[in-house]
Each structure stands twice: as C-alpha cells, then as structure tokens.
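Trainee: Provided herewith is a single structure, encoded as structure tokens, for subsequent inquiry.
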Amino acid sequence: MQTFDVVIAGGGMVGLAVACGLQGSGLRIAVLEKSPEPPLSLSDQPSIRVSAINAASERLLQKLDVWSTILSQRASAYHGMEVWDKDSFGTIAFDDQQQGLSHLGHIIENPVIHRALWQRASACSDVTLMAPSQLQQVAFGDNEAFITLQDGSMLTARLMIAADGANSWLRNKADIPLTFWDYDHHALVANVRTALPHDAVARQVFHGDGILAFLPMQDPHLSSIVWSLSPQEASRLETMPEALFNQQLSVAFDMRLGLCQLESERKTFPLMARYARNFAAHRLALVGDAAHTIHPLAGQGVNLGFMDAAELIGEIRRLHQQGKDIGQHLYLRRYERSRKHSAAMMLAGMQGFREMFAGTHPAKKLLRDVGLKLADSLLGVKPLMLKQAMGLNDLPAWLR
C-alpha cells in the first residue's frame, strides 16, 4: 500500500499542471495516467490539436517553469485578432500595439504543452508519475480515499483530483451529477497552408450555420483551422475529395488568405457543453474538462482548466500551511465557489455569443453587425474585451 497526500487521476495538461504546482509544498503527489508516457521527441508534423494560450495561462506556465521549454519548441505568438460576419459589414479587429501589449496570446500544439509539463513533473522529487495505470476502484473514507488500480496495486490519498477528462470516471464514481447540452455542432480540425501569410493574426468568420477560425502557427503560411458546423455538414466536409475541400474552405473564409491547401488529416468531434453540479466533494476536487467543457469558439477551454489548476494549487498550499485537512469538503468549498462562478460565466457567455451568431435572419444579422461595428469603434470597449479574453481578471492571488 503506497501512501500519498494527493492523487491526481489524469496526466493531461491540467492534471500535470496541478502536480507541478504542488512541488515543494511538502506534500507527496501521484499522477495516474492511462496512456504510456509521451514520446521523447516531437513529431515533425505539427499536431492538429492546438490551444490558444492566453496571458493568464502563460503566467501559470511561467511559474511552473515550463514556459521557456514550450517557446523553444513550437509556439506562435499572435499579435492581432479579426472577427467578421460573412457577407455583411459587421467586423471587429484587435491589435496588440494599439493596446500597448507585446502579444495577445500564443497558439501552441497540445502535445508541445503536454510534453513540457510531463518532463517537468518527471523532474519533481515530490511527484510520482504512474503510466500507464488505470483506476479500478475508489472508496472515500473519513480520513482518506482508498484506491485500487487495475494491476492490483493499492494507494491511499488525503485528496483525489479528477483531471480525467470530459467523461471522468472519478466524477461518475463520486455520483456527481452533470448538466449538459449538445451544441448540435461538430468541430472539424485540420492544418492548412495558405497562399498569403497569416501575419500572426487569429481570424474568425461567422456564417449562419457555422463558425470558422484560422489560428496562426509558427510557419507564416500554416494555420490550424477549427470549423464548427452541423454534424451532417462536418462529416460531408471530412470525407469530401481534398481538392473540393480546399476550394470550399477558401470560399467559406472569404479568400482572406488566398487559396487554402490541406496539410494534414481532417478530424471531427462532437461539441457538448458540460457543467458538473459540484466541483468538489469529500476528499475530491474536479479540474478541467472533468468539471466543465465549453464551445471551442473562443479557444478558452484549456485556459479555463489551467485557472482551475492555479486556484486549486493556491488553495491546497494554503490549507496545508495552515495545518488543515486538504481533503475536507468544507475547506474545498472556497475553490469550488470561485471556479464554478468562472465556468458558469464563460458557459453563459459562449451560449449567448453562439445564439447571436446563429442563423441568417436579416433582422438578427443587422443587429449583430451593428453590435460588432459599435464594439469596434466605441472607446474603451476593446480593452475590456481583451482583458476578459486574456484572463487577467481571473487570476488567483499567488499568480498576480
């Protein structure tokens, strides 16, 4: 029987961030990951799964001492953002220099972030990485949780953290109800080469039945696309001949970057909003996709997860320093209140945004176009929107 203070189920980006953040706190941490450890070197081909890392997440990754590693591999700072409504005058643009910033964020492949965090966690003396390993049973006792793995080994922990994704085994085991709704959209992701350079600008176009985003990668002519569409349309686009797809994509994007050419496979996945009824329970805390999933429309999913990690790291360290029981639900309520509020605000914002940009009814179209134009031209609106997008009003005290 191995004894730990904190056992994290899930060695993805958010779970590893928590583990790295607890290094040096005097707590013993284990991370259980069902996949084998990531390969030592990155693939030559950029991954089609990327994240738009905002300023708040950047600050966390700096604190965890992985940011320089990420930048030395493949990361692309973006300096502008453009959003427009197809076939109309509604448009809004952001520029970092106008706002006195060095950049608006970074587009980074998920495997790059994951590998940097894995290597950091491997070097942490307080962290034990167990991969591949899978949970078989868990029982929440008064003073600790009793864990059995599929290979028969047994562990105890004062606190378990569910970082095991949207279909969290641990959340289900703890009988935490889930509120969810289907966006009735699938996301199609791929990497695309464009005739014109992207100039480090992230672009997004809304058309009645979908949303298409081009995220600038390190190569000036390479972008990662996220195309959110009805399930039927997504599967049609996923399987259509490449030449036809390139043509339809270029047109859907208003030829902003000239002709587009596929550089990777196309993958689609369903989009669901999920919101756990509780983000904490007796001897358990939920982080990342185990607690919430949102529409990829603003690329905020992983940033929300990283802020869960940051808040929980601060809270566990504080409780431990004060000699309190880190697994007591009473003490974890502070983490829960803070993060439930942030996730609810983000989910509501995304839902409102999606409703506003869905459909081609002329009155609705006029309303949103006027709204975009006003937001673009009214003094003081853009800095507020940027602050929100950069996550700087959501930072836990220890990161400020």
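Residues 1 to 400 (the UniProt record's numbering) make up the sequence shown, in order.
Backbone N, C-alpha and C fix where the C-beta goes; we use that ideal spot for every residue, glycine too.
1. Reducing DSSP to helix, strand and coil, say where Q62 ends up.
2. Please classify S122: does DSSP put it in a helix, a strand, or coil?
3. Helix, strand or coil: which one does DSSP assign to L262?
4. Starting from N191 and walking both ways along the beta strand (DSSP E), at which residues does that stretch end?
5. Quick one: complete beta strand (DSSP E) runs, 3+ long, within the stretch 89-174?
6. Are the C-beta of L378 and some C-beta of chain C separated by less than 8 Å?
7. Do A19 and V138 have their C-beta atoms within less than 8 Å of each other?
8. Indicate the three-state DSSP secondary structure (helix, strand or coil) for E238 in the structure shown.
9. Using only the alpha-carbon positions, how far apart do L257 and D87 sit?
10. Which one of L64, N143 and A252 has the shortest CA to CA distance from Q119?
11. Is it true that the stretch 184-198 meets the stretch 268-283, where meeting means three or more beta-carbon pairs spaced less than 8 Å apart?
12. Figure out for me which residue from A55, A252 and T148 has the closest Cα to the Cα of L386.
13. How would you write the range of the alpha helix (DSSP H) that A19 sits in, first residue to last?
14. What are the start and end residues of the alpha helix (DSSP H) that includes V302?
15. Do you know offhand how far residue 408's Cα is from L22's?
16. For H207, which beta-bridge partners are listed by DSSP?
17. Any contact of the stretch 154-169 with the stretch 284-299, i.e. 3+ C-beta pairs under 8 Å?
18. Please state if the CB of T293 and the CB of residue 401 are separated by a distance shorter than 8 Å.
Mentor: In short:
1. Start at 1 with the first residue of the sequence shown, and residue 62 comes out as number 62. In the structure shown, Q62 sits in a helix (DSSP, three-state: H, G or I).
2. Here residue 122 is taken as the residue at index 122 of the sequence shown, counted from 1. If DSSP states are grouped into helix, strand and coil, S122 belongs with the helices.
3. Position 262 of the sequence shown, counting from 1, holds the residue named residue 262. Three-state DSSP puts L262 in a strand.
4. By 1-based counting over the sequence shown, the position of residue 191 is 191. Where N191 is concerned, the enclosing beta strand (DSSP E) stretches over L178 to T194.
5. Counting only runs of 3 or more residues that sit fully inside the stretch 89-174, the beta strand (DSSP E) segments are 91-95, 105-109, 127-130, 135-140, 145-149 and 154-162, in chain order.
6. Annotation note: the requested chain C is absent from the structure, which comprises a single protein chain.
7. If you number the sequence shown from 1, residue 19 lands on position 19. If you number the sequence shown from 1, residue 138 lands on position 138. In terms of Cβ geometry, A19 and V138 do not form a close pair [threshold 8 Å].
8. Here residue 238 is taken as the residue at index 238 of the sequence shown, counted from 1. The answer is helix: DSSP assigns E238 an H, G or I state.
9. To locate residue 257, count along the sequence shown from 1; it is residue 257. To locate residue 87, count along the sequence shown from 1; it is residue 87. Their backbone Cα atoms lie some 17 Å apart in a straight line.
10. Your numbering for residue 119 matches position 119 in the sequence shown. Out of L64, N143 and A252, L64 has the C-alpha closest to the C-alpha of Q119.
11. Flag = yes, the stretch 184-198 and the stretch 268-283 touch.
12. In the sequence shown, counting from the first residue as 1, residue 386 sits at position 386. The option with the nearest alpha carbon to L386 is A55.
13. Position 19 of the sequence shown holds residue 19. The continuous alpha helix (DSSP H) containing A19 extends over residues M13 to L22.
14. In the sequence shown, the residue the question calls residue 302 occupies position 302. Where V302 is concerned, the enclosing alpha helix (DSSP H) stretches over G301 to Q321.
15. Only positions 1 to 400 of the chain appear in this structure, which leaves residue 408 out of reach.
16. Stepping through the sequence shown from its first residue, residue 207 is reached at position 207. According to DSSP, residue pairing for H207 in a beta bridge involves G210.
17. Result yes; three or more Cβ-Cβ pairs closer than 8 Å.
18. Lying before the first or after the last residue shown, residue 401 is absent from the chain, which here runs from 1 to 400.
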